[in-house]
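Protein chains in written order, with my numbering: chain U, 1 to 263; chain Z, 1 to 279.
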């Protein structure tokens, strides 16, 4: 439950290409923010900056009101691939995310999470014995065992089949409701963004910047088949279309609804 | 047609999901592998006994067995084996520890790599046997110079293996460590060392193989005991049988040491998910 603010962040790579140009966004406590956009729009770069894995070239990122440098104990992440440590058991991998906890507390939470992700009794198995979907469940449990204030997800379900993806959406929302972390999820799946997020940030490429922010305004649990859901999806898709057609214009001074400059 | 094909397809699936895809060595495989050496041995034994060959330069199998038996009975062979294995064991221990430490240091730190690696690579370019005169000059003709030579032989493959394995550690796993708050030292301990374990074991194995090569070189160049001495002694006495027995002993010792190393590493590498499944 931590407030996240990205303020005028730019990122240049060593070869001179600009990945992000003056990106500002915020996520309130316990909010789910989805970041969508075509490939090359800097979504993943933005997430890496928030995670503290890369340094921004300009601007600042504040967590709970404090400007952060490098990785932060309250920020946790799920990557596109499960990235489990092959030499640790399933339980060991989940516990790895809670290294700051006392061992007894860590073991208790690991046990509870194993049940929660539907892998009770799998604690002593090795990652190689799990399916891709199961591995990603473990990766989500690893990210949540430390009760992070901010959970970052970088296209976590893109490599999974639609059935597994839907069940992981439910799992993620269930855990989110229990622990209420602030969530930033990067995805290229519009339906996923609308299903999960309180607000959808649309980015556009070359260099990556925020195009606009859409608020689906749907109550939870969301029904993917309802007309309202369809309408929200269409609004996001139209925003993506606009972002692509505006690609060659200079970036706007501020987002249309002004929300990205609210602090 | 499709009905007829179904059982085959099912069998194929069953094979694919079996937990141990690597083929086990069965009795039949052993038999197959033994056909060539055993039949050659029998043929040679017959040729010598029938008087078609003298067997002086290439003694037949039973002569070798007699020689080996005599050497064991007198306790000579055991002394030689103990001497050689002590040299290999100690030299391997020193070389492996030094190679692992240096490899970890240069692999984990760019500064240390730029500082140390060029010099080590230059030293590696010297054929290791070329060190023998210097080692004898520095360390004397007894055990120390032999140990140093074995350790040197073990050092380089272990060093190179550890260094390149560390550089090959998946950046993505390092990021996991960083996100979950590992310190640089924690990264080495919790991510790098486990990740390089398979390559490290492989490097130790090739180091051990070289260790045997170098112990032989050391013993050939001057020793009063050791399996290499037995070899040299056989040459000087014109006894092909003890030369061959020494060679066979080397083969057996090398194979046993390697198997012990593999056996020790097996539980550590249980997590590996590779085609070979196990070493």
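Each residue gets a CB set at the ideal place from its N, CA and C atoms; glycine is no exception.
Contacts of residue i in chain Z (Cβ-Cβ under 8 Å)
i                      : result
residue 100 of chain U : 181
residue 53 of chain U  : 175, 178 and 179
Cβ of residue i within 8 Å of any chain Z Cβ
i                      : result
residue 44 of chain U  : no
residue 128 of chain U : yes
residue 155 of chain U : no
residue 81 of chain U  : yes
residue 77 of chain U  : yes
residue 114 of chain U : no
residue 85 of chain U  : yes
Proximal residues of chain U, C-beta to C-beta of residue i below 7 Å
i                      : result
residue 200 of chain Z : The contacting residues do not exist; residue 200 of chain Z stays about 12 Å from chain U at best.
Residue i - containing alpha helix (DSSP H), residue span
i                      : result
residue 229 of chain Z : 227–237
residue 139 of chain U : 132–144
residue 39 of chain Z  : 27–49
residue 87 of chain Z  : 76–108
residue 212 of chain U : That residue, residue 212 of chain U, is in no alpha helix (DSSP H); its beta strand (DSSP E) goes 209–214.
residue 242 of chain U : 227–245
residue 43 of chain U  : 43–51
residue 93 of chain U  : 90–96
residue 107 of chain U : 103–116
residue 133 of chain Z : 132–139
residue 193 of chain U : 190–196
Extent of the continuous beta strand (DSSP E) run through residue i
i                      : result
residue 182 of chain U : 182–186
residue 11 of chain U  : 4–12
residue 58 of chain Z  : Here residue 58 of chain Z belongs to no beta strand (DSSP E), and DSSP marks it neither H nor E.
residue 265 of chain Z : Counting along the chain, residue 265 of chain Z falls outside any beta strand (DSSP E), though it belongs to the alpha helix (DSSP H) covering 240–265.
residue 33 of chain U  : 32–36
residue 169 of chain Z : Per DSSP, residue 169 of chain Z belongs to no beta strand (DSSP E) and is neither H nor E.
residue 190 of chain Z : Run containing residue 190 of chain Z: none; DSSP gives neither H nor E here.
Interface residues of chain Z facing residue i [CB-CB closer than 7 Å]
i                     : result
residue 73 of chain U : 181
Chain B residues whose Cβ lies nearer than 9 Å to that of residue i
i                      : result
residue 119 of chain U : Looking at the structure shown, chain B is missing, and the protein chains on hand are U and Z.
Those residues which DSSP pairs with residue i across a bridge
i                      : result
residue 26 of chain U  : U:5
residue 66 of chain U  : U:63
residue 150 of chain U : U:75 and U:182
residue 264 of chain U : Nothing can be reported for residue 264 of chain U: it is not among the residues displayed for chain U, which extend from 1 to 263.
residue 203 of chain U : U:210
residue 58 of chain U  : U:10
Test: residue i CB closer than 8 Å to a CB of chain U
i                      : result
residue 271 of chain Z : yes
residue 194 of chain Z : yes
residue 21 of chain Z  : Summary for residue 21 of chain Z: the model assigns pLDDT 49, below 50, so the residue's position carries little reliability, and this model does not support an answer.
Residue i CB to nearest heavy atom of the ligand FAD below 7 Å
i                      : result
residue 161 of chain U : With respect to the ligand FAD, the structure offers nothing, as it holds no ligand at all.
Listed in chain order, which residues of the segment 87–99 of chain U have Cβ atoms closer than 7 Å to some Cβ of chain Z?
-> Identification of residues in the segment 87–99 of chain U having a C-beta nearer than 7 Å to some C-beta of chain Z yields 87, 96, 97 and 99, given in sequence order.
Contacting positions in the segment 158–178 of chain Z - beta carbon closer than 7 Å to chain U = The residues in question are 172, 173, 175, 176 and 178.
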